[in-house]
Structures are given as structure tokens and as C-alpha cells.
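Peer 1:
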Amino acid sequence: KVFLRQPVIEPQGEAKSALWIYKQLGERLGLGDYFQYADEEDYLRQQLAPLGVSLEEVKAKGYAEAPETPHASESSELTWNTPSGKVELYSDTLSRVGFPGVPTWDEPPQPSENQFYLLTGKVAQSTQFGTQNNQLLHKYSDEPRIWMNAQIAAKLGLATDDWVEVSSEVGTIHTQLLATQAIRPDCVYMTPGYGHLSKGLKTAFGVGASDSAIHVTYTDPISGSQALSQTFVTVKKA
Numbered sequence: 703k704v705f706l707r708q709p710v711i712e713p714q715g716e717a718k719s720a721l722w723i724y725k726q727l728g729e730r731l732g733l734g735d736y737f738q739y740a741d742e743e744d745y746l747r748q749q750l751a752p753l754g755v756s757l758e759e760v761k762a763k764g765y766a767e768a769p770e771t772p773h774a775s776e777s778s779e780l781t782w783n784t785p786s787g788k789v790e791l792y793s794d795t796l797s798r799v800g801f802p803g804v805p806t807w808d809e810p811p812q813p814s815e816n817q818f819y820l821l822t823g824k825v826a827q828s829t830q831f832g833t834q835n836n837q838l839l840h841k842y843s844d845e846p847r848i849w850m851n852a853q854i855a856a857k858l859g860l861a862t863d864d865w866v867e868v869s870s871e872v873g874t875i876h877t878q879l880l881a882t883q884a885i886r887p888d889c890v891y892m893t894p895g896y897g898h899l900s901k902g903l904k905t906a907f908g909v910g911a912s913d914s915a916i917h918v919t920y921t922d923p924i925s926g927s928q929a930l931s932q933t934f935v936t937v938k939k940a
């Protein structure tokens, strides 16, 4: 089945959808050819077209039946989306743009003494970071704190609920500590996305601290992704 999530209320103020923002940015940067849709509904219609389903049908019922995708039989030949159609241990694509065709191991940097790996990760109560201002979800969420291994915390004279100063080479934040056995001695962990600065977020404003304020930007040269576990921090009582 294909389901449609429809807005409960109209967008407030100057709020725009992500698809609108992406397309506008692309066009204003001279990259409009990469955004081949007129608006949000046209984008959805293009997604539904290969299924033989109309957007109007999904809107009317909230869902539509989609045809089942036939599975390849065991006797059919499987192909991959690579130049050879096979699993490639050596990538000509990467080699052509100047990267090693075969992955190589680079020893990752290590934190120095009294430093910790800064880890972040999502929590079950929030959808990404867009629902942190929801009062009901906030009611059933723990106050965001920085996790530290209990033995390490004791050595540093720290305890759960202590206010601590967390510093990296790009910034410093203040937050409360959670001493726990659920983390390695060389790591600390923060729930990302807190530390909102907008007072319009009446529930989320002033809750927790921003991991972004201390994350160092390291970009993977091949994928373009950010190396989120490569920031090292120190922690001391505030």
C-alpha cells in the first residue's frame, strides 16, 4: 500500500516545505536542472506514476493499493548497478576521479590524555530533531545530559546531575552529567539537536546543550559525509 501523510493545519507564517526550499536553493545557485519538479505535488505525482497510482486517489482514501513488485527467480541472472553489472571489488568509478579503486585502511586519530570521543545518536522519542518542541513527547523524554563512564566520572570527581564544562577545539558548552556503565571509558555521548536558541520553541528552548557548538567539521573526501565521531572533548566540573 501507498500511504499519504496530510497536514493537520496549514503552514504557519513563512514556513515552507523542505522540497520547496531545496528547489529554490538549487535554482538560485544555478543548479535548477537537478530539481525536476514544479512543486511538492508534482514531485509526488512523479513518484506515483511508475506504480500506476494517482495522487488524487491517495488523497481521497489516504492510501492506495500498489502493484506487487515481482521477485527475481533463483534461475534468473542478477545484475548490479555497476559498470560491469557485477559486484566490483575494484571500483573504476572511484579510480577515475583520483581515489583508490580498492578501499585502504587509514588509522583513525586517537584522543590524547584526558580527552574523549564525542558520540551522538538519535533517541526513540523524537523524529530526527523536529519534534523536540512537542510537549507530550518532551514529557516522556529524559532531560538530555552528557553520558560518561561511571568509573571515569568517579576518577574525575564527577557525579550524575553535576554541571560540567565540555570543550573541543571549536567551542565550549555547559550541560549536566549522567554517570553510567552503558558507555566505554574513552567516550562521552550527547543526544543531538538540543540547545535551541529560538525562544519561539517554548518547550524546547533552554533544554540541554548543543552538540553542534563543539563538533569539529571533518568531511569524508569520498562520500562528503561528516565524520561525527572524530571530535575529541575534555570534560570538567563547571
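Position 6 (the sequence shown) corresponds to 708 in the working numbering; numbering is contiguous.
Ideal Cβ positions, reconstructed from N, Cα and C, are used throughout, including at glycine.
Whether or not the stretch 848–855 and the stretch 918–931 are in contact is what I'm after, with contact meaning three or more pairs of Cβ atoms, one per stretch, closer than 8 Å; do they touch?
Peer 2: No contact exists between the stretch 918–931 and the stretch 848–855.
Peer 1: Are there 16 or more other CB atoms within 10 angstroms of the CB of Lys857, so buried, or fewer, so exposed?
Peer 2: Counting from one through the sequence shown, the residue named residue 857 turns up at place 155. Classification for Lys857: exposed.
Peer 1: Could you give the residue range of the alpha helix (DSSP H) that holds Glu743?
Peer 2: Counted from its first residue, the sequence shown places residue 743 at position 41. From DSSP, the alpha helix (DSSP H) with Glu743 extends over Glu742 to Leu750.
Peer 1: I'd like to confirm the pairing. Which residues does DSSP put opposite Trp807 in its beta bridges?
Peer 2: Numbered from its first residue, the sequence shown carries residue 807 at position 105. Answer by DSSP bridge pairing: none, since Trp807 is not bridged.
Peer 1: Please classify Gly908 as buried or exposed, where buried requires at least 16 other C-beta atoms within 10 Å of its C-beta.
Peer 2: The residue you call residue 908 lines up with position 206 of the sequence shown. That one is exposed.
Peer 1: Can you tell me which of Glu871, Gln726 and Ala929 puts its alpha carbon nearest to the alpha carbon of Thr936?
Peer 2: By 1-based counting over the sequence shown, the position of residue 936 is 234. The candidate whose alpha carbon is nearest that of Thr936 is Glu871.
Peer 1: Taking the straight line between their C-alpha atoms, what separation do you get for Ala740 and Ile875?
Peer 2: Sequence index remark: in the sequence shown, residue 740 carries index 38 (1-based). Sequence index remark: in the sequence shown, residue 875 carries index 173 (1-based). Taking the straight line from one Cα to the other gives about 43 Å.
Peer 1: Can you find the residues in the same chain that come closer than 7 Å, C-beta to C-beta, to Glu743, ignoring five residues on each side of it along the sequence?
Peer 2: Along the sequence shown, one-based indexing puts residue 743 at 41. Cβ within range, chain order: Leu757.
Peer 1: Which ranges does the alpha helix (DSSP H) cover as unbroken runs of at least 4 residues, wholly within the stretch 814–861, from first to last along the chain?
Peer 2: DSSP runs (the alpha helix (DSSP H)) wholly in the stretch 814–861: 837–841 and 852–857.
Peer 1: Given 8 Å as the limit, is there contact between the stretch 889–907 and the stretch 823–837, that is, 3 or more CB pairs closer than that?
Peer 2: Segments in contact, yes.
Peer 1: In whole angstroms, give me the CA-to-CA distance for Ser912 and Gly895.
Peer 2: Indexing the sequence shown from 1 puts residue 912 at position 210. Indexing the sequence shown from 1 puts residue 895 at position 193. Near 6 Å, if we compare the C-alpha coordinates of Gly895 and Ser912.
Peer 1: Return the chain-ordered list of same chain residues with a C-beta closer than 6 Å to the C-beta of Leu721, the five sequence neighbours on each side being excluded.
Peer 2: On the sequence shown, residue 721 is found 19 positions in, with the first residue counted as 1. Once the five neighbours on either side are set aside, the close Cβ partners of Leu721 are Glu742 and Tyr745.
Peer 1: Going by beta carbon distance, what residues of the same chain come within less than 6 Å of His840, once the five residues before and after it are set aside?
Peer 2: As a working mapping, residue 840 is identified with position 138 in the sequence shown. So the qualifying residues of the chain are Thr905.
Peer 1: Quick check on Leu780: buried or exposed, where buried means 16 or more other Cβ atoms within 10 Å of its Cβ?
Peer 2: Counting from 1 along the sequence shown, the entry for residue 780 is found at position 78. Exposed: under 16 other Cβ atoms inside 10 Å.
Peer 1: From Gly734, Lys788, Gln749 and Gly902, pick the residue whose C-alpha is nearest to that of Phe705; which is it?
Peer 2: Start at 1 with the first residue of the sequence shown, and residue 705 comes out as number 3. The residue with the shortest Cα to Cα distance from Phe705 is Gln749.
Peer 1: Do Gly800 and Tyr792 have their C-beta atoms closer together than 7 Å?
Peer 2: Within the sequence shown, the letter at position 98 stands for residue 800. Within the sequence shown, the letter at position 90 stands for residue 792. No, the Cβ-Cβ distance between Gly800 and Tyr792 is not below 7 Å.
Peer 1: Output needed for Lys788: all residues of its chain with C-beta closer than 7 Å, excluding positions within five of it in sequence on either side, in chain order.
Peer 2: The residue given as residue 788 occupies position 86 in the sequence shown. The answer, listed in chain order, is Trp782.
Peer 1: Use the C-beta contact count for Val710: other C-beta atoms within 10 angstroms, 16 or more gives buried, fewer gives exposed.
Peer 2: Within the sequence shown, numbered from 1, the residue matching residue 710 stands at position 8. Flag for Val710 reads exposed.
Peer 1: Let me know the secondary structure DSSP gives Ile875 once reduced to three states.
Peer 2: In the sequence shown, counting from the first residue as 1, residue 875 sits at position 173. Strand, per DSSP.
Peer 1: Whole-angstrom Cβ separation of Val760 and Ala766, contact assumed at under 8 Å?
Peer 2: As a first step, residue 760 is located in the sequence shown; it is residue number 58 there, counting from the start. As a first step, residue 766 is located in the sequence shown; it is residue number 64 there, counting from the start. Yes, they are in contact, since the Cβ atoms of Val760 and Ala766 sit about 5 Å apart, within 8 Å.
Peer 1: Would Glu867 pass as a contact of Lys938 if the rule is Cβ separation under 7 Å?
Peer 2: The residue you call residue 867 lines up with position 165 of the sequence shown. The residue you call residue 938 lines up with position 236 of the sequence shown. Contact flag set, yes.
Peer 1: Based on DSSP bridge pairs, tell me the residues matched to Ala766.
Peer 2: Counting from one through the sequence shown, the residue named residue 766 turns up at place 64. Bridge partners of Ala766: Val704.
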